[in-house]
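*Asks:* Here it is, the structure, as C-alpha cells.
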Amino acid sequence: MRAFTRPFRAAVLTVAALLPYGTMPAHARPATTAAIAWAACPEDAQVQCGTLAVPADWAHPAGPAISLTMARRPATDPARRIGTLLVNPGGPGGSAVDFTFAATTFFGEEVRRRFDIVGVDPRGTGRSAPVLCSRDLVDAQPSALIESEEQYAATVAHNRKLAADCAARTGPVFGHVDTVSVTRDYDAVRAALGEEKITLYGASYGTLIGLQYAESYPDRLRGLVLDSVMDHSADLDRFLVQETEAAQNAFAEFVKWCGRDPSCVLRGHDIAKLFVAAMARARAGQLINPYDPPNKLTVAQLTMAAFSAFYDPQWYSFAYYLRDAMLTGRRAPAATAPPVDLVDFSFSPVFCEDWHLPVTGFADFQRRLRGLAAGAPQMLISPLALIAVTGCLGWPSPPDNPQRPLPPLTGPTPVLLVNAVHDPATAYAWAREVTARLGPAARLLTYDGWGHVVYSKSPCAAAAVDNYLLTLVPVATGTRCPAVDPPPFGVG
Numbered sequence: 275m276r277a278f279t280r281p282f283r284a285a286v287l288t289v290a291a292l293l294p295y296g297t298m299p300a301h302a303r304p305a306t307t308a309a310i311a312w313a314a315c316p317e318d319a320q321v322q323c324g325t326l327a328v329p330a331d332w333a334h335p336a337g338p339a340i341s342l343t344m345a346r347r348p349a350t351d352p353a354r355r356i357g358t359l360l361v362n363p364g365g366p367g368g369s370a371v372d373f374t375f376a377a378t379t380f381f382g383e384e385v386r387r388r389f390d391i392v393g394v395d396p397r398g399t400g401r402s403a404p405v406l407c408s409r410d411l412v413d414a415q416p417s418a419l420i421e422s423e424e425q426y427a428a429t430v431a432h433n434r435k436l437a438a439d440c441a442a443r444t445g446p447v448f449g450h451v452d453t454v455s456v457t458r459d460y461d462a463v464r465a466a467l468g469e470e471k472i473t474l475y476g477a478s479y480g481t482l483i484g485l486q487y488a489e490s491y492p493d494r495l496r497g498l499v500l501d502s503v504m505d506h507s508a509d510l511d512r513f514l515v516q517e518t519e520a521a522q523n524a525f526a527e528f529v530k531w532c533g534r535d536p537s538c539v540l541r542g543h544d545i546a547k548l549f550v551a552a553m554a555r556a557r558a559g560q561l562i563n564p565y566d567p568p569n570k571l572t573v574a575q576l577t578m579a580a581f582s583a584f585y586d587p588q589w590y591s592f593a594y595y596l597r598d599a600m601l602t603g604r605r606a607p608a609a610t611a612p613p614v615d616l617v618d619f620s621f622s623p624v625f626c627e628d629w630h631l632p633v634t635g636f637a638d639f640q641r642r643l644r645g646l647a648a649g650a651p652q653m654l655i656s657p658l659a660l661i662a663v664t665g666c667l668g669w670p671s672p673p674d675n676p677q678r679p680l681p682p683l684t685g686p687t688p689v690l691l692v693n694a695v696h697d698p699a700t701a702y703a704w705a706r707e708v709t710a711r712l713g714p715a716a717r718l719l720t721y722d723g724w725g726h727v728v729y730s731k732s733p734c735a736a737a738a739v740d741n742y743l744l745t746l747v748p749v750a751t752g753t754r755c756p757a758v759d760p761p762p763f764g765v766g
C-alpha cells in the first residue's frame, strides 16, 4: 500500500495510498526495443528525463500507444557502475520520477555511485498517461464508512459514474492499468535501456510490481528488494482482518509512546477513551477539523487522520491534532488551493484491476465491519482497506489481475524482504507469509519499529539493503534491526 511517506497535515483528508501477481508466461517478451532519447530534466539538471512508447493494451500491441515517462540519475562513479536500479515508491499513484529526483536524500551514497537509478511512472499515474477524472466527481465521493442501504447504493452508483467519467477523459489506457501491464512496461524499459538484467527496489505497492516482475521475468532480474510487502495471495477476509489488525496495532503503539515520552501533549490522558469520544462527536457532526476549520470531521476522516499519522509515524503532531480537536478548540488556519477541473485519480482504477474484493451487498458489508470493529475499537477497520473495498463497489469491469497463490521463486536471484513489525499499511504478517511462500531464496529483514517503508527509518535496515544491492548477499535468516524512535514533527 502506498506508499509511502507523506506529510501528516496534507494527508488528513485525502489518501496518498499505499498499498502485487501476473498471468503472463515467463517467456513473454515485449516487442519494443526502441531506444530512449534522454535530455536533462527541467526539474533537476543532474537527472535525465525520457519517454518510451508502449501499447495501451499489451494484448493488442499494434493498437493505440501511450507514453511512459521516466527519469534516470546516472551512477556517480561510472567506472564502477553495476547496472540499473529500477525504483518504485508505491501507491498506487506514487511518482517514481519524483522519487528519482529525491534519490540523493533516500538511497545511500555507495548505491548512488554504483547504479543508474531509474524511476518510471507506472501507466495511469504521474506523467505516464495518468488516469484523469472530474475533480467534482472525485470530491463528491460518498463516505467510505457506509452505514445504510441507501449509502451503499449511492456508493455503487457513484463509482460507476466516476469510472465512466475517468474512462472518457483518460483514453485507451483506462482499464489496462493493472500491475501485469506495468511489469510488461518495465521489461520494455529494460530492453530500451540495453540492460540484460535490472535490479529492482519496490516499496509498498511497488513490491507487487517487483514480485510480478520476478515471476514473469526471473532471468531478467539481477536483484530484488521488497520494502513493506504486499501479499497478493490474501482473499477478502484475510485482507480485511490483517489490515485492520495492523492499523489497530499502530494506534496501540501511539498510546504507548505517549505514555513514555514527555513531549506528548496528551500524556496523562486515557487516549483510547479520548479517541472513542472523538469518534462519537464526529458521528454526531460536532467535531471540527482543527486543520480545516470550520469544516467538520466524519468518523472516516478522523480514523484516516490517525492512520496517516502512523505512516512515518508522526505521533508528536497527531497528539497535538487530537488535543486541538477535542480539548482546546484551537484551530490552525485553513489552507486554500486554486480550483482544478481535472485531477489525477489512479488509486481505484489500479486497485480494482488488481484485487477481487467480493462484497455482496450492504448486509455483507455491515457484517464484516461489525466483526472487524469488535477487535479494533479505535480504528474500526483499516482506513486503507475500507477505501479499497468501497472504491471498488460497482466497478464496471472485473479485475484483470486478481489475487492468487504466490508461486515459489524459480530464478537464481535471492530476494530481500523488509518490513516493520508495527507497519500500519502493509501488515508484518504479510511479509512473513510472502517470505514463506517464495521459498528459501527469500530472506526477511525485520525492523522492530514503526511506520511504513523501512529503508528511510532505520540505519540498520538501510545498511543491510545497501549491502544486498551491491553484493547480492542476503541477510541471515532471522535478522532483525532495532527500533528507532521517530523525531518530533512540527510544533504545537
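Under the numbering used here, residue 766 is the last one in the sequence shown; the count climbs by one each step, no gaps. The beta carbon of each residue, even a glycine, is placed where N, CA and C say it ideally should be.
With a threshold of 6 Å on Cβ separation, who are the neighbours of Y491 within its own chain once the five nearest residues in sequence on each side are excluded?
*Replies:* Stepping through the sequence shown from its first residue, residue 491 is reached at position 217. These residues qualify, in order along the chain: D461.
*Asks:* Helix, strand or coil: which one does DSSP assign to Y460?
*Replies:* To locate residue 460, count along the sequence shown from 1; it is residue 186. DSSP places Y460 in helix when its eight states are reduced to three.
*Asks:* Got a sec? Which residues, its chain only, sit under 7 Å from W669 by beta carbon, not counting five neighbours each side?
*Replies:* Stepping through the sequence shown from its first residue, residue 669 is reached at position 395. Around W669: N433, A437, C626.
*Asks:* Alpha carbon to alpha carbon, how far is D439 from A606? Give it in angstroms, no decimals.
*Replies:* If you number the sequence shown from 1, residue 606 lands on position 332. If you number the sequence shown from 1, residue 439 lands on position 165. Residue confidence is low: A606 scores 47 on pLDDT, short of 50, so the model does not pin down where it sits. Its coordinate-derived value is still stated next. If I take the Cα positions, the gap works out to 35 Å.
*Asks:* Going by C-alpha distance, which of C734, W704, P446 is nearest V503?
*Replies:* Translated into the one-based positions of the sequence shown, residue 503 becomes position 229. Of the candidates C734, W704, P446, the one whose C-alpha sits nearest the C-alpha of V503 is W704.
*Asks:* Under the assumption that P404 contacts P338 (Cβ atoms under 8 Å), give the Cβ distance between them as a whole number of angstroms.
*Replies:* Taking the sequence shown and counting its residues from 1, the one referred to as residue 404 is at position 130. Taking the sequence shown and counting its residues from 1, the one referred to as residue 338 is at position 64. Contact doesn't hold; Cβ gap of about 16 Å is too wide.
*Asks:* Below 7 Å CB to CB, which residues in the same chain sit around V811 once its five sequence neighbours on both sides are set aside?
*Replies:* Since the first and last residues shown for the chain are 275 and 766, residue 811 lies out of range.
*Asks:* Go ahead and label E424 buried or exposed: buried means 16 or more other beta carbons lie within 10 angstroms of its beta carbon, across all protein chains shown.
*Replies:* For this step, residue 424 is matched to residue 150 along the sequence shown. Classification of E424: exposed, given that the 10 Å Cβ count is below 16.
*Asks:* Does the pairing of the stretch 395-411 with the stretch 380-387 give three or more beta-carbon distances under 8 Å?
*Replies:* Not touching, per the Cβ criterion.
*Asks:* Does DSSP classify T306 as helix, strand or coil?
*Replies:* Here residue 306 refers to the residue found at position 32 when the sequence shown is read from its first residue. In this prediction, T306 has a pLDDT of 44, which is less than 50 and means its spatial position is unreliable; nothing more can be read from the coordinates.
*Asks:* How is the alpha helix (DSSP H) around R541 delimited, first residue to last?
*Replies:* Taking the sequence shown and counting its residues from 1, the one referred to as residue 541 is at position 267. Element bounds for R541: n/a, residue is neither H nor E.
*Asks:* Under the assumption that R401 contacts D395 (Cβ atoms under 8 Å), give the Cβ distance between them as a whole number of angstroms.
*Replies:* Here the question's residue 401 lines up with position 127 in the sequence shown. Here the question's residue 395 lines up with position 121 in the sequence shown. Correct: roughly 5 Å between the Cβ atoms.
*Asks:* With H, G and I counted as helix, E and B as strand and the rest as coil, what does DSSP make of H450?
*Replies:* What you label residue 450 is simply residue 176 of the sequence shown in a count that begins at 1. The answer is coil: DSSP assigns H450 none of H, G, I, E or B.
*Asks:* Could you name the residues of the same chain whose beta carbon sits closer than 7 Å to that of Q239, not counting the 5 residues immediately before and after it, in chain order?
*Replies:* In the structure displayed, the chain extends from 275 to 766; residue 239 sits before or after that span and is not available.
*Asks:* Looking at the structure shown, is I356 part of a helix, part of a strand, or coil, going by DSSP?
*Replies:* Position 82 of the sequence shown, counted from the first residue, corresponds to residue 356. Of the three classes helix, strand and coil, the one that applies to I356 here is coil, per DSSP.
*Asks:* Determine the direct distance from the alpha carbon of R642 to that of A662, and round the result to whole angstroms.
*Replies:* Locating residue 662 in the sequence shown gives position 388, counting from the first residue. Locating residue 642 in the sequence shown gives position 368, counting from the first residue. Each residue's Cα considered, the two are about 14 Å apart.
*Asks:* Could you check the C-alpha separation between Y702 and N693 for me, to the nearest Å?
*Replies:* Within the sequence shown, numbered from 1, the residue matching residue 702 stands at position 428. Within the sequence shown, numbered from 1, the residue matching residue 693 stands at position 419. Approximately 6 Å, taken between the alpha carbons.
*Asks:* On a CA-only basis, which of C532, Q522, L690, L601 is nearest P236? Give me that one, please.
*Replies:* Residue 236 is absent from the structure shown; the chain starts at 275 and stops at 766.
*Asks:* What is the rounded straight-line gap between the Cα of T720 and the Cα of T687?
*Replies:* Taking the first residue of the sequence shown as position 1, residue 720 is located at position 446. Taking the first residue of the sequence shown as position 1, residue 687 is located at position 413. Taking the straight line from one Cα to the other gives about 20 Å.
*Asks:* For the alpha helix (DSSP H) containing S591, name the first residue and the last one.
*Replies:* The residue you call residue 591 lines up with position 317 of the sequence shown. Segment 589-597, the alpha helix (DSSP H) holding S591.
*Asks:* One question on the structure: do D722 and P748 come within less than 7 Å of each other, judged by their Cβ atoms?
*Replies:* The residue you call residue 722 lines up with position 448 of the sequence shown. The residue you call residue 748 lines up with position 474 of the sequence shown. The answer is no: Cβ separation not under 7 Å.
*Asks:* Could you pull out every residue in the same chain whose Cβ sits closer than 7 Å to the Cβ of C734, ignoring the five residues on either side in sequence?
*Replies:* By one-based count along the sequence shown, residue 734 stands at place 460. The answer, listed in chain order, is C755, P756.
*Asks:* For a test of the three-state rule: what should DSSP assign to T374, helix, strand or coil?
*Replies:* Position 100 of the sequence shown, counting from 1, holds the residue named residue 374. T374: helix per DSSP, three-state reduction.
*Asks:* Give me the Cα-Cα distance between A466 and A314, rounded to the nearest whole angstrom.
*Replies:* Here residue 466 refers to the residue found at position 192 of the sequence shown. Here residue 314 refers to the residue found at position 40 of the sequence shown. Roughly 18 Å between the two C-alpha positions.
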